[in-house]
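Peer 1: Just so we're aligned: the sequence shown equals residues 3 to 141 in this note's numbering.
We treat Cβ as the ideally placed atom computed from N, Cα and C, and that holds for glycine.
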Amino acid sequence: STFSWNGFYVCGLGSFDMPIHMVGHTFSAFYDVPHGSAMSVSIPAVMKFHLKERIEKYSIFAKEIFGINGEISEKTAKAGIDALLNWYKKIGVPTTFKEANMPTNELDAMADDILITAEHWEIETYNKEMVLSILKLCL
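1. If contacts are defined as beta-carbon pairs under 8 Å, then Ser42 and Thr97 qualify, I think. What distance do you get, rounded to the angstrom?
2. Under 8 Å, with one C-beta from each stretch per pair, do the stretch 52-72 and the stretch 80-88 reach the 3-pair mark?
3. Candidates Leu137, Ala81 and Asp110: which alpha carbon is nearest Lys59's?
4. For Ile118, count neighbouring Cβ atoms within 10 angstroms of its own Cβ and tell me buried if that reaches 16, exposed if not.
5. Counting only runs of 4+ residues fully inside the stretch 37-85, write out the alpha helix (DSSP H) ranges in chain order.
6. My output table needs one value for Ala120: the three-state DSSP class, helix, strand or coil.
7. So is Ala111 buried or exposed if we call it buried at 16+ other beta carbons inside 10 Å?
8. Measure from the alpha carbon of Thr78 to the alpha carbon of each residue in Phe63, Lys91 and Tyr90, then state which is nearest.
9. So the alpha helix (DSSP H) Met132 belongs to, where does it begin and stop?
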């Protein structure tokens, strides 16, 4: 964790964003959800949201992490996300708001909070509509 917030791991990569952590921090702030549980709910949702633009990255993830055979394709990328969800279920961590005992009627307020975090972190990639789409993928 020492390297995770000092910028070392992104040296030379240019701009980057951390939507998973923006979402996860809000989950923890609103509902006192442990950080790991917030991540297990938000990671698959963010991956699904960015699927079309990150097919190659997620296909490689599927192959390298879960041993999924296939070409660089949307099908392989989706299989990787599904494998991640299945692994989360196998180890007993939540993957949805319901499983994390989080209410689903405060998406608008959560989106506003996520955008405040984005502003503080100087991340301009996301707007409210995008954030709400990610949150709906957590349902």
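Peer 2: According to the data block:
1. Mapped onto the sequence shown, residue 42 falls at position 40. Mapped onto the sequence shown, residue 97 falls at position 95. Between Thr97 and Ser42 the Cβ distance is about 6 Å, and since that is below 8 Å, they are a contact.
2. yes
3. To locate residue 59, count along the sequence shown from 1; it is residue 57. Looking at the Cα atoms, Ala81 is the closest of the given residues.
4. In the sequence shown, counting from the first residue as 1, residue 118 sits at position 116. Counting Cβ neighbours within 10 Å, Ile118 comes out exposed, since fewer than 16 surround it.
5. 37-51 and 57-68
6. Stepping through the sequence shown from its first residue, residue 120 is reached at position 118. If DSSP states are grouped into helix, strand and coil, Ala120 belongs with the helices.
7. For the purposes of this step, residue 111 is taken as residue 109 along the sequence shown, with counting starting at 1. Label assigned to Ala111: exposed.
8. Residue 78 sits at position 76 when you count from the first residue of the sequence shown. Answer by Cα proximity: Phe63.
9. Taking the sequence shown and counting its residues from 1, the one referred to as residue 132 is at position 130. From DSSP, the alpha helix (DSSP H) with Met132 extends over Lys130 to Lys138.
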